[in-house]
Amino acid sequence: MSSRCVDCSGAIEGEAVLVNGRLHHPQHFRCSTCKLVVQNYYYLDGEQNPTCESCWQRKNPTCKKCRRFVNETFIVAMNQTWHLNCFLCSACGKPFPGGRFVDCHGEPYDLDCFWGLQLRKFNHL
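Every letter in the sequence shown is one number past the one before it in the numbering used here, and letter 82, counting from 1, is 87.
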């Protein structure tokens, strides 16, 4: 029994792309958004449709701290997107008590670290 491409129904001989149990000729494996042939990397969207890297980057923001894609639960703070585990105080690296933080020069600080930083600056004057 020969395998067939889900896109053209043609027999697959040689290389094939297997995604979600479905075989494609490499030249028929396309991004569900832009419809271009997927060349290298792809992602599966929420409906398990293949999405090329370019389209994925346009749809999914990157985390301000680690610069990796954010495709799970996230936080938007200071007009930036953050993974939950990346949105931490820039000084002590701990989560924010009660979710309260201060934006100091584009970096988040908990209140204790922020005021400690301000006091150190004041004491050096």
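In this text, a Cβ means the ideal position worked out from N, Cα and C, and glycines have one as well.
Exercise for the section: Work out the CA separation of residue 11 and residue 27 for me, nearest whole Å. Expected result: The residue given as residue 27 occupies position 22 in the sequence shown. The residue given as residue 11 occupies position 6 in the sequence shown. The alpha-carbon of residue 27 is positioned some 7 Å away from that of residue 11.
Practice task
Return the residue from the list 71, 53, 18 that minimises the CA-CA distance to residue 90.
Solution key: As a working note, residue 90 is residue 85 in the sequence shown. Checking every option, the nearest Cα to that of residue 90 belongs to 71.
Exercise for the section: Please state if the CB of residue 96 and the CB of residue 122 are separated by a distance shorter than 8 Å. Expected result: By one-based count along the sequence shown, residue 122 stands at place 117. By one-based count along the sequence shown, residue 96 stands at place 91. In contact: residue 122 and residue 96 (Cβ atoms closer than 8 Å).
Exercise for the section: Return yes when at least one heavy atom of the ligand ATP lies under 7 Å from the C-beta of residue 110, else no. Expected result: The model on display carries no ligand, and the ligand ATP is accordingly not part of it.
Problem - Span of the beta strand (DSSP E), counted from its first residue to its last, around residue 85 - result: Along the sequence shown, one-based indexing puts residue 85 at 80. Start and end: 85-88.
Problem - Cβ-Cβ distance between residue 64 and residue 87 below 8 Å - result: Residue 64 sits at position 59 when you count from the first residue of the sequence shown. Residue 87 sits at position 82 when you count from the first residue of the sequence shown. Not closer than 8 Å, so no.
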